[in-house]
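**Q** The structure that follows is given in the form of structure tokens.
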Amino acid sequence: MSGTAEPSRRAGGSRLEMYLLFLPTSLWLILFIAIPTVMFFIYSFWTVKDEFLVKGFSLLNYLRFFTTGVYPELLGRTLVLALEVSGITFAMGYPLALFISRKSGRAKSILYMLVVIPLLTSYIVRIYAMRLILGSNGLINNLLIILGLIREPLPFLLFNRFAIFLTLSVILAPFMVMPIFTSLEKIPRSYIEASRDLGASDFETFWRIVFPLTLPGVIAGFMFIFILTLGDFLTPILVGGTQGMTFGKIIQMNYGIAYDWPFGSALSVILLILSLAIILIASRFGALREI
Amino acid sequence: MKELLRLERLSKRFGAVAAVNSVSLSVLDGEFLTILGPSGSGKTTILRMIAGFEQPTGGRILLDGEDILDTPVNRRPFNTVFQDYALFPHMSVFQNIGYGLKVRHLPRVEIRDRVEEALASVDLAGYAARYPDQLSGGQRQRVALARALILRPRILLLDEPLGALDLALRKRMQITLKEIQERVRITFIHVTHDQEEALSISDRIAIISLGDLQQVAEPKNVYFRPANMFVARFMGENNLIGGRLSARSGDLVRVQTPMGTLHSCSAGLGQADAEGRQVSLVVRPENIVLLSEEDSGAVNALEAEVVREVFIGSEDKLIVRPRGCPGMEIMVKIHSDTAVGARSGQRVRIGWRAENCWLIPEAEAACP
Amino acid sequence: MAAGRANGWERTGSALSRIVSPGFGFLLFAVTYIPIVLVLLFSFNSSQVATFPIERLTLDWYRLLFRNESILKAFGNTLIIGAAAVAGSLVIGVLSAYFLRRYRIRGAFAYQLAILMPFILPGIFTGLALLLFFSAAGIPRSLFTVFIGHIVFCTAVVFKTVMARFGTLERSQEEASYDLGANSLQTFFYVVLPNIRTALITGALLAFVLSFDETMITFFVIGPQLTLPLKIWAMMRANFSPQVHALASIVFVTSTALVIVFSKYILGREPRR
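Shown next as structure tokens:
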């Protein structure tokens, strides 16, 4: 006899109580979430002239985005980057998720913990650590030289788009593994047993039963990686050098060096809309159930 | 007994669905009333509306003549025993039972005394320090009961309290509930889907189906004199033989059925029910006997063919198919110490006396 | 069948699954952890430059670290903000979640979305939005603004964990409490709070760990006083010192230790009913 919608409303509560509970949380929301978001949008319609903020309404920033080829192209390239990162983390992360979910008990817990731990440790440290691997004096180059495969260190591993790609793939991999693992765990054992009972081979069972049921998790993984890639600026700054540029970095630069807050805001708004669109699309495929 | 609570045309809609449909019911002071019905009948919803967990979409609830719909749950002088007991897992038995007293800020000494007394009254003296997860199902149920009763509510509401117990325990608890109710003299409103349970412990039974009230009466009447087809079918196994009233004179009637003319008394018919009316003859399995070849004593006799025998130890039932209506199955309870050993397909003659009768003035298809 | 939570396909043993899966798995683990191990390694490296071969092992960098005022200060700031943000977010997060549980309002979904936004979207949005807000309101960037940024983020975390717990909590206990005569306040403290205790701890721990490492939001709203991640960032951008390795190693080890010790909570073991 568990309650449905209404019980609480009459069950000893009064209008006063409802407002008492409502007020602080709403105040909070309005002050630090609603207003800043609105400011975001407002700023995007302002402009900067000669280092001064012009508060008049103007679509200049958006026009600038759409007409200057550089920006849409950069957005496009960042999307491609996101796709690449998603692709490789999927290719490697799915087998890993599969592997862990087949384990039982302690092994499973420990392995999963190993996947999650990096997420909870310093983001900056992990990006920086990639420099130690990719640099001219880094691990890879040293290994290759020691093995005698090359004579001179390869310069193209670091401070370019490729480095960003590699770094993001390593750092964001857990975000692909986790939702896939979650959706794998949700599959009732009886489904698999039924499939085997009906004569399907292991591969068929996987392909026809397991994989389709994990699609929401896969899509959730893609969604996370896309959004995180689009919004990341630390990685390009630390390992991208001058050649590696992403949309996130451009936004940050407008708040930093370029000091054009309105334009940066406009770019952020565009990014926000894009991100929300991605979330919306992903949720159509059930991705949100896996969070 | 005087009326304590009255439900007036109580209704509850969830969207387009009417869970409870204009139910009017009177609850008498000190009685043990059971609201009985199958799942989804709305019985729990009615209980929750009385408790205050749901607001009706129509109708009123009157306590001592006063409308209580505006009174919130925690102010109504009722207490509920929940189906899953809802014991607080982080509190001991003592703290659970004393909870209602604590939130009323009663002095600790008084709380302690009353809780000990409550524990004793449900036979759980000494269990005060235990936690719910250390108790058996039956013990938890008693704690839930004590927790509600300690507050001396005017009405105790019980939502299928015995559902989770095994059969033997259940039967014992039914008796215990009845004893407690008689001892404390509090009005109990009890909701269940088990008609045997309702029959054994209630003072009155209110039968609900799909949101509509079907009949309110003492157990005897509900059992022997069902008001309509639903009640007849729901209250145990009844044989319903549909037909047309072909003659009525004084207390005796004749009913025309595909199996021939059957004789009955007129009990259950209204004054206005005259010849031509569709009626159903309600014949209880225990009133039917197997006739031997020579038997001609019974007025109602039918040729039939055995379908199967069901022997479950305490009773022996024969399912037979009457000649003239091969789609119908009639159940006969055999009074015998052992299974009769009837074979499927065997021909028998069954019969019952006209006086074992009850008529319902409605019928479905005469021969299914 | 293996004991424990066997899920029926341990024995599906095509070569594909026997070799490929574990192969990729370990590759991914290696790729993830080798960089970190390197940082750890170099933190003991005597030479200034982070290259092979490692000459001598030394604890010098660590020693220097502990004498470094600015680093200690940053560490302290991070702890204070973490504690404060978690405390504040517990209050707001629980109130918000409880409000939604008690009352059905029409904008419930939008309400939830708004609270969770700082967590769902990458930090750049929250950071920028808050930056604009503070700048327009005339609030100078400082530890206070960082505190606000963190509390916004932590509230989302606490809210999420508590809502998840509410989702599995049957209402009958709360109903019983009202039925027995308690008012909302009593019901909240006596019945609801004890039942969400585990979720609260999980939320608080998760929020603290995430606040400790928070970089993106902090990046935009930070003033002259730094938090640890931002200090590391500054050290990486400025003239290089191997102390960074030592610092990074400590941060990594601490976080990991925290996670392992509280793994029971953070990794979402089932709360006992």
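The listed protein sequences correspond, in order, to chains A, B and C. Counted from 1, the first sequence has number 204 at position 217 by our numbering; the numbering is strictly sequential. Throughout, our numbering is defined as the position within the second sequence, counted from one, plus 1035. Throughout, our numbering is defined as the position within the third sequence, counted from one, plus 1006. Positions of the beta carbon are idealized from the N, C-alpha and C atoms, including for glycine. Remember, predicted model here, so these are calculated numbers, not experimental data.
Considering only residues of the same chain and omitting the five flanking positions on each side of residue 35 of chain A, which have a CB-CB separation below 8 Å?
**A** Excluding residues within five positions, the ones whose Cβ falls inside 8 Å are 41, 246, 247, 248, 249, 250.
**Q** Beta carbons nearer than 8 Å to chain B: which residues of the stretch 1178 to 1196 of chain C have them?
**A** 1178, 1179, 1181, 1182, 1183, 1184, 1185, 1186, 1187, 1188, 1189, 1192, 1196
**Q** Starting from residue 1182 of chain B, find everything on chain C with Cβ-Cβ shorter than 9 Å and list it in chain order.
**A** 1182, 1186
**Q** Leaving out five residues on either side along the sequence, give the residues of the same chain with a beta carbon under 7 Å from the beta carbon of residue 1013 of chain C.
**A** With a pLDDT of 46 at residue 1013 of chain C, under the threshold of 50, the predicted position of this residue should be treated as unreliable, though the coordinate-derived value follows. Within the same chain, residue 1013 of chain C has no close Cβ partners at all.
**Q** Using three-state DSSP, classify residue 1152 of chain B as helix, strand or coil.
**A** Residue 1152 of chain B falls in the helix class under three-state DSSP.
**Q** Using the Cα positions of residue 1277 of chain C and residue 1166 of chain C, report the straight-line distance between them to the nearest angstrom.
**A** Unreliable placement is indicated for residue 1277 of chain C, whose pLDDT of 33 sits below 50; the coordinate value is still reported in the next sentence. Our two residues, residue 1277 of chain C and residue 1166 of chain C, have alpha carbons roughly 15 Å apart in a direct line.
**Q** Short check: CB of residue 1367 of chain B to CB of residue 1192 of chain C, under 7 Å?
**A** no
**Q** If we call anything under 7 Å between Cβ atoms a contact, is residue 1118 of chain B one with residue 1194 of chain B?
**A** yes
**Q** Excluding the 5 residues flanking residue 1090 of chain C on each side, which residues of the same chain have their C-beta closer than 7 Å to its C-beta?
**A** 1153.
**Q** Under 7 Å Cβ to Cβ from residue 237 of chain A, same chain only, skipping five residues before and after it: list those, please.
**A** 61, 254
**Q** Please list the partners that residue 1108 of chain B has in chain C, where partner means a Cβ-to-Cβ separation under 7 Å.
**A** 1184, 1185
**Q** Does the structure place the stretch 1381 to 1391 of chain B close enough to the stretch 1310 to 1325 of chain B that three or more beta carbon pairs sit under 8 Å?
**A** yes
**Q** Listing by chain order, which chain C residues have their CB less than 9 Å from the CB of residue 126 of chain A?
**A** The contacting residues are 1040, 1041, 1044, 1058.
**Q** Compute the beta-carbon to beta-carbon distance between residue 256 of chain A and residue 27 of chain A, rounded to the nearest angstrom, for a pair I have assumed lies under 8 Å.
**A** Going by Cβ atoms, the distance from residue 256 of chain A to residue 27 of chain A rounds to 6 Å, so yes, they are a contact pair.
**Q** Any idea what DSSP makes of residue 1130 of chain B, helix, strand or coil?
**A** helix
**Q** Please say whether residue 1137 of chain C and residue 1226 of chain C have beta carbons closer to each other than 7 Å?
**A** yes
**Q** What number of angstroms, rounded off, separates the C-alpha of residue 1068 of chain B from the C-alpha of residue 1086 of chain B?
**A** 15 Å
**Q** Taking the straight line between their C-alpha atoms, what separation do you get for residue 1180 of chain C and residue 1056 of chain B?
**A** Rounded to whole angstroms, the gap between the alpha carbons of residue 1180 of chain C and residue 1056 of chain B is 28 Å.
**Q** For residue 1380 of chain B, which of B:1301, B:1343, B:1370 has the nearest alpha-carbon?
**A** B:1343
**Q** Going by alpha carbons, who is nearest to residue 1130 of chain C out of A:24, A:100, A:96?
**A** Residue 1130 of chain C has its Cα closest to that of A:24, out of A:24, A:100, A:96.
**Q** Taking Cβ-Cβ distances below 8 Å as the criterion, which residues of the stretch 204 to 225 of chain A are in contact with chain C?
**A** Within the stretch 204 to 225 of chain A, the qualifying residues are 214, 215, 217, 218, 219, 220, 221, 225.
**Q** Give me the Cα-Cα distance between residue 4 of chain A and residue 1103 of chain C, rounded to the nearest whole angstrom.
**A** When rounded, the separation of the alpha-carbon atoms in residue 4 of chain A and residue 1103 of chain C is 15 Å.
**Q** Just curious, the alpha helix (DSSP H) that residue 182 of chain A is in, first and last residue?
**A** 176 to 184
**Q** Does DSSP put residue 1090 of chain B in a helix, a strand or coil?
**A** coil
**Q** The alpha helix (DSSP H) spanning residue 1283 of chain B covers which residue range?
**A** Taken as a continuous stretch (DSSP letters only), residue 1283 of chain B belongs to no alpha helix (DSSP H), being part of the beta strand (DSSP E) at 1274 to 1284.
**Q** If I measure Cβ to Cβ from residue 1102 of chain B and keep anything under 8 Å in the same chain, skipping five residues before and after, which residues do I get?
**A** Answer for residue 1102 of chain B: 1095, 1096, listed in chain order.
**Q** Between C:1162, C:1142, C:1114, which has its C-alpha nearest residue 1123 of chain C's C-alpha?
**A** C:1162
**Q** Under a three-way DSSP split, which group does residue 1244 of chain C fall into?
**A** coil
**Q** List the residues of chain C whose Cβ lies closer than 7 Å to the Cβ of residue 1135 of chain B, in chain order.
**A** 1186, 1187
**Q** For residue 1366 of chain B, write down the residues that DSSP places opposite it in a beta bridge.
**A** Residue 1366 of chain B is bridged to B:1354.
**Q** Would the beta-carbon of residue 1036 of chain B fall within 7 Å of that of residue 1063 of chain B?
**A** Yes, the Cβ-Cβ distance between residue 1036 of chain B and residue 1063 of chain B is below 7 Å.
**Q** Rounding to the nearest angstrom, what Cα-Cα distance links residue 1066 of chain B and residue 1218 of chain B in this structure?
**A** 12 Å
**Q** Note down, one range per segment and in chain order, each alpha helix (DSSP H) of at least 4 residues found wholly within the stretch 1158 to 1193 of chain B.
**A** The qualifying runs are 1172 to 1184.
**Q** For a contact meaning CB atoms closer than 7 Å, what does residue 1258 of chain C contact in chain A?
**A** Going along chain A in sequence order, the residues near residue 1258 of chain C (Cβ under 7 Å) are 108, 109, 112.
**Q** Short check: CB of residue 1114 of chain B to CB of residue 1122 of chain B, under 7 Å?
**A** no
**Q** So, with DSSP's three-state summary, where would you put residue 1386 of chain B?
**A** strand
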